[in-house]
Every structure is written in structure tokens, then in C-alpha cells.
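Trainee: Sharing a structure with you now.
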Amino acid sequence: MASPSNPTPSLKLLDWPIEQLPGLSRENQQNLHHCGIATTQTLIRKTRTDRQQQQIANQLKIAVRDVQKWGIMAQLACLPSVGSRYCGLLLHAGVSSIAQLATLPAARVHQQVLRIQVATMQRRDLCPPVDEVARWIQEAQMLVNAQQKARGER
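Here is the structure:
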């Protein structure tokens with residue numbers, strides 16, 4: 001049966017240790033733990049509103065945009081095919097939500113991801129293939145559709 005944290009039984013959302021999110025310093029990881037945030041799902045729950053994001057930023061004495069960035073990566077990482085491996089790459093490619101990812105054409109996302117990979121790593125071969133990017137989008141669509149159905153929007 002579907003639950004609020006996993007609205008569709010056909011798509012198992014992932015929950016990663018906060019240490020698996022890319023770009024978080026050890027100090028930030030420890031500070032998040034002190035705020036009761038040890039996993040990506042907890043980070044998502046505790047950063048849903050602007051007020052929550054501001055509270056965490058104040059507690060950690062960091063910019064709100066960093067908390068927002070971590071929340072976006074945590075949301076993207078919950079998709080099984082994205083995970084912690086590609087969530088940062090998607091963010092840097094301009095994807096700021098699962099809902100946005102669900103609306104994008106795979107070829108365009110792939111092109112942006114490839115551009116980021118070449119610019120940062122100077123390696124085309126590290127870029128995931130288009131069919132993998134299409135899987136990210138398909139999972140995002142499944143999640144968005146399940147959330148809409150749960151809210152009675154369909």
C-alpha cells in the first residue's frame with residue numbers, strides 16, 4: 001500500500017544518509033546531524049517551507065541558498081535511477097525539482113548534463129546515456145502523477 005512518504009508502490013523512493021549528498025562538508029554534515037537531520041528524507045521533511053529553510057540556515061549559520069540546494073539534491077536523490085550519484089549533476093544542469101524534471105525532454109537534459117560533465121570533468125564518457133536520463137524523467141513523471149492522484153488532481 002502507498003504511504004505519504006512513498007505515494008506509489010511501483011516506485012520505491014530512496015532515503016540516503018546525509019553524508020551521501022555531494023558537496024556537503026564534514027562540518028555541514030555534523031551540523032545537520034545536530035539539527036536532527038541524518039537522512040535525505042528527513043532533510044526533505046525539514047526544508048519544505050521557506051521558514052523551515054531559514055531556521056536551519058540560522059542554526060547552521062549558513063546561507064539559505066545552501067539549505068535550499070541541499071533540499072533540492074535530497075529530493076532528486078530520492079528517485080532510484082538518480083540517487084546520490086546524479087542529484088548534484090542534475091542540479092548543476094539547471095534542474096531544480098522533480099516536477100520540473102518530469103516536464104523536460106530527455107535529449108535536452110542529456111545535452112545539459114553532458115555540457116556540465118565536459119566542463120567540470122573534461123570527460124564525455126562519464127556522462128550517463130540518454131536512455132538513463134529518460135529513466136530519470138520517467139520516474140519523475142511517475143512520482144508527480146502519483147502525488148497528483150493522491151491529492152485528487154486527476
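Numbering (full-length UniProt numbering), first residue to last: 1 to 154. A virtual CB, placed ideally from N, CA and C, is assigned to each residue, including glycine. Everything numeric in this text was worked out from a predicted model, so none of it was measured.
Could you give the residue range of the alpha helix (DSSP H) that holds glycine 83?
Mentor: Taking the sequence shown and counting its residues from 1, the one referred to as residue 83 is at position 83. Run containing glycine 83: 83–92, per the alpha helix (DSSP H) assignment.
Trainee: Skipping 5 residues on each side, what residues in its chain have a beta carbon closer than 8 Å to that of serine 10?
Mentor: Along the sequence shown, read from residue 1 onward, the residue named residue 10 stands at position 10. Taken in chain order, the residues that qualify are Met142.
Trainee: Does the structure place the region 93–110 close enough to the region 30–45 that three or more beta carbon pairs sit under 8 Å?
Mentor: Judged by Cβ distances under 8 Å, the region 30–45 makes no contact with the region 93–110, as fewer than three pairs qualify.
Trainee: Suppose you measure from the CA of alanine 57 to the CA of cysteine 87; what does that come to, to the nearest Å?
Mentor: Your numbering for residue 57 matches position 57 in the sequence shown. Your numbering for residue 87 matches position 87 in the sequence shown. Going from the Cα of alanine 57 to the Cα of cysteine 87 covers about 21 Å.
Trainee: Going by Cα to Cα distance, which pick from His92, Glu132 and Val64 is closest to alanine 119?
Mentor: The count along the sequence shown starts at 1 and reaches residue 119 at position 119. Answer by Cα proximity: His92.
Trainee: What separation, rounded to the nearest whole angstrom, lies between the Cα atoms of alanine 150 and alanine 140?
Mentor: To locate residue 150, count along the sequence shown from 1; it is residue 150. To locate residue 140, count along the sequence shown from 1; it is residue 140. Looking at the two C-alpha atoms, the distance is approximately 15 Å.
Trainee: Bridge partners for threonine 103 per DSSP, in chain order?
Mentor: Position 103 of the sequence shown, counting from 1, holds the residue named residue 103. Beta-bridge pairing links threonine 103 to no other residue.
Trainee: Helix, strand or coil: which one does DSSP assign to threonine 47?
Mentor: Locating residue 47 in the sequence shown gives position 47, counting from the first residue. Reduced to three states, the DSSP call for threonine 47 is coil.
Trainee: Please name the residue in Thr39, Asp66, Thr40 and Ala38 whose C-alpha comes closest to that of residue 162.
Mentor: The requested residue 162 is not part of the displayed model; the chain covers only 1 to 154.
Trainee: Using the Cα positions of valine 113 and proline 22, report the straight-line distance between them to the nearest angstrom.
Mentor: What you label residue 113 is simply residue 113 of the sequence shown in a count that begins at 1. What you label residue 22 is simply residue 22 of the sequence shown in a count that begins at 1. Cα to Cα, valine 113 sits roughly 16 Å from proline 22.
Trainee: Under 7 Å between the Cβ atoms of alanine 99 and valine 64?
Mentor: As a working note, residue 99 is residue 99 in the sequence shown. As a working note, residue 64 is residue 64 in the sequence shown. No, the pair does not count as a contact, with Cβ atoms beyond the cut-off.
Trainee: Among the candidates Gln68, Leu126, Gln75 and Asp131, whose CA atom is the shortest distance from the CA of tryptophan 107?
Mentor: To locate residue 107, count along the sequence shown from 1; it is residue 107. Residue 107 is actually alanine in this sequence, not tryptophan. Minimum Cα distance to alanine 107 is reached at Asp131.
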